[in-house]
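Heads up, the final residue of the sequence shown is numbered 575 in my numbering, and it's a clean run with no missing numbers. Have a look at the structure below before the remarks.
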Amino acid sequence: MPSLPSSCDVLVIGGGNAGFSAAVAAAQAGAGQVILIDKCPQEWAGGNSFFTAGAMRTVHDGLPDLLPLVNNVDAELAKIIDLPPYTKADFENDMRRLCQGRSDPRLTRILVDDSRSVIQWLKANGVRFQLSMNRQAFLVNGRHKFWGGLALKTEDGGKGLMEDHKRAAKRHGVSVYYSTAAQRLHQDPQTGAVTGVTVSHHGRTMTINAKAVILTAGGFEASPQMRAQYLGPGWDLAYVRGTPYNTGDCLNMAIRDVSAKPAGNWSGCHATCWDANAPANAGDREVSNEFTKSGYPLGVMINANGERFVDEGLDYRNYTYAAFGRAILAQPNGIAFQVWDAKTTPWLRSEEYRDGRVKKIQASTIAELADKCCSEGLQNRTQFIQTLEQYNAAVYAHRKAHPDLKWDPAVKDGLSTSGLPLPKSNWALPIDEPPFLAVKVTGGVTFTFGGLAVNPETAAVISSATDREIPGLFCAGEMLGGLFYGNYPGGSGLTAGAVFGRRAGIAAAKRAARDARARL
């Protein structure tokens, strides 16, 4: 392994999607030497991005606009795909609606405006895209109907995305070093500019001098202490979906060393429905995102007390999963049971629910299902049975009042319940046809929403002391605060990482060039 240089033009800290986007953008913008470091060992490379399904939300003009980007649709398949346009107004409305109107409007505008061009840029850099046929479309009446405003994913999900990023970095001369943890930021005492970083490189402490530094080291989702401190009691027990190395070190470092200004929803995070039998403290790099359990819109979710606690049909899955993961963790013992019958189990995604991937609780009657769930943590058998009986009666009551409605998982079909305090607003079918299936789930924390304040145009970090940019310091990815609050539109996290990573890389390269000229 080559020795770690003591100086460079641009230093990127963090090796996920945002970090590699920033590094490649900096190299393309003319930065002389770009170094990317990550505290994880090489076998954990890719950060949280590695564990994603690779979905990327972007504005587009419909199927013809996206076909040139993807490699999994031929002319015959294209004829049976229904994929409507997703406009800037659609994206902005989704951000406003899901984030409770709290998102920084400048960050949102740039995310939306750049979302299409950054996809094209990534493709030009070698990232392979596909239509997300398996996750975002249902085959209804012989046609693949896309839903939820999300259509693109990377080939082989996060694994494929990070492989493509690494190849692009190598082509552009970016040097990558693992087992290298940032420990301290250095500033020029006269100008306040960030001039370098003390790191621990394979246990050896040294300083890398840099003309610009970009922070892309993730949030604090893998730190039980910080989760409990910021997200609240009980969050120290949440399952970690991804890398165990996102422990908030660089957030704390930036705030401590250079008075970086905290911003955003520090008590908020993305925590999806997660297999309760998954590893608790880190993701499994082989299984990866397959521990996700996203089939709840097709059935119901019941907590350990035997009660429903969310409207499973409130919205499309990619608009609710981040909030519903949090809702599960708020339930007794932080668990729930997803329940279906024979009508909907064929619609469950095989990679999430296939034999050998998930522990299935199967029964020929609801009473038997309740008994088996009791051995997995259900505490109130009678209430479980009663909840399903009341749900079924409410479904039939609504069906009687609205006989013309048809079940369609690809649209908000309006099939609801009547008379329940907590309705199921769409896709409500009775759960009364054996065999029955239940799966035990918990909440898996993906990434935290609290981060650092930035200039949206350049992703330059703002000082809490001066409320101005800290010269030479930028951030992107999960470390950027102010974009997501409470919830987020699925697929917008990776897009945001690339959008602001690219902007940070370009701005850092310009900063490095100005610094070089000033020294002449």
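Don't be surprised by glycine CBs; every beta carbon is placed ideally from N, CA and C.
Would residue i and residue j qualify as a contact pair, given that the criterion is a beta-carbon distance under 8 Å?
| i | j | result |
| --- | --- | --- |
| K266 | I517 | no |
| F502 | G323 | no |
| D426 | I486 | no |
| A318 | A508 | yes |
| L528 | V249 | yes |
| V229 | A78 | yes |
| G197 | G380 | no |
| D330 | P478 | no |
| Q393 | V254 | no |
| A80 | I525 | no |
Compute the Euclidean distance between the alpha carbons of residue i and residue j, then round it to the nearest angstrom.
| i | j | result |
| --- | --- | --- |
| P60 | L122 | 43 Å |
| F555 | L549 | 10 Å |
| V67 | R259 | 19 Å |
| M163 | L538 | What sits at residue 163 in the sequence shown is Thr, not Met. Each residue's Cα considered, the two are about 7 Å apart. |
| L384 | V494 | 16 Å |
| E512 | Y232 | 28 Å |
| Q445 | L475 | 8 Å |
| W30 | V89 | Nothing about residue 30 can be reported from this structure: the residues present for the chain run from 56 to 575 only. |
| A448 | Q438 | 15 Å |
| P334 | V466 | 34 Å |
| A450 | S480 | For the sequence presented, residue 450 should be read as Val rather than Ala. Approximately 10 Å, taken between the alpha carbons. |
| G470 | M356 | The sequence as given places Leu at residue 470; Gly does not occur at that position. Straight-line Cα distance between these residues: approximately 17 Å. |
| L575 | A309 | Unreliable placement is indicated for L575, whose pLDDT of 48 sits below 50; the coordinate value is still reported in the next sentence. Roughly 30 Å separates the two Cα atoms. |
| N126 | D116 | 18 Å |
| A236 | M534 | 16 Å |
| H227 | G85 | 10 Å |
| P387 | H256 | 43 Å |
| D64 | G389 | 47 Å |
| R183 | Q417 | 39 Å |
| L177 | N360 | 47 Å |
| A144 | V173 | 18 Å |
| A179 | K348 | 33 Å |
| G303 | G536 | 13 Å |
Out of the options, state which residue places its alpha-carbon closest to the alpha-carbon of residue i.
| i | options | result |
| --- | --- | --- |
| N320 | Y540, Q97, N510 and A563 | Y540 |
| S234 | L138, G289 and K94 | K94 |
| S278 | I263, N307 and I357 | N307 |
| V482 | A493, H453, Q238 and Y543 | It should be noted that the sequence gives Trp, not Val, for residue 482. That would be H453, whose Cα lies nearest to the Cα of W482. |
| M111 | E210, G101 and A86 | E210 |
| A515 | T347, S405 and V313 | V313 |
| A567 | Q238, I269 and L124 | I269 |
| T420 | T399, Q185, R412 and L443 | L443 |
| W290 | P352, G69, A326 and T298 | A326 |
| G69 | Y543, T298, N180 and F392 | T298 |
| I92 | T375, K221 and N358 | K221 |
In the DSSP assignment, what are the bridge partners of residue i?
| i | result |
| --- | --- |
| V355 | V394 |
| Q185 | K208 |
| Q242 | V249 |
| P317 | L507 |
| D330 | V496 |
| F379 | DSSP output for F379 lists no bridge partner at all. |
| I136 | H199 |
Any heavy atom of the ligand HEM inside 7 Å of the beta-carbon of residue i?
| i | result |
| --- | --- |
| S405 | Looking for the ligand HEM in the displayed structure turns up nothing, as the structure carries no ligands at all. |
Every unbroken beta strand (DSSP E) inside the stretch 518 to 551 [3 residues or more]: You should have 524 to 530.
Whole beta strand (DSSP E) runs in the stretch 59 to 121 with 3 or more residues, listed along the chain? DSSP runs (the beta strand (DSSP E)) wholly in the stretch 59 to 121: 62 to 68 and 89 to 92.
Just to confirm the assignment: which complete beta strand (DSSP E) runs, minimum length 3, are found wholly within the stretch 254 to 303? You should have 259 to 270.
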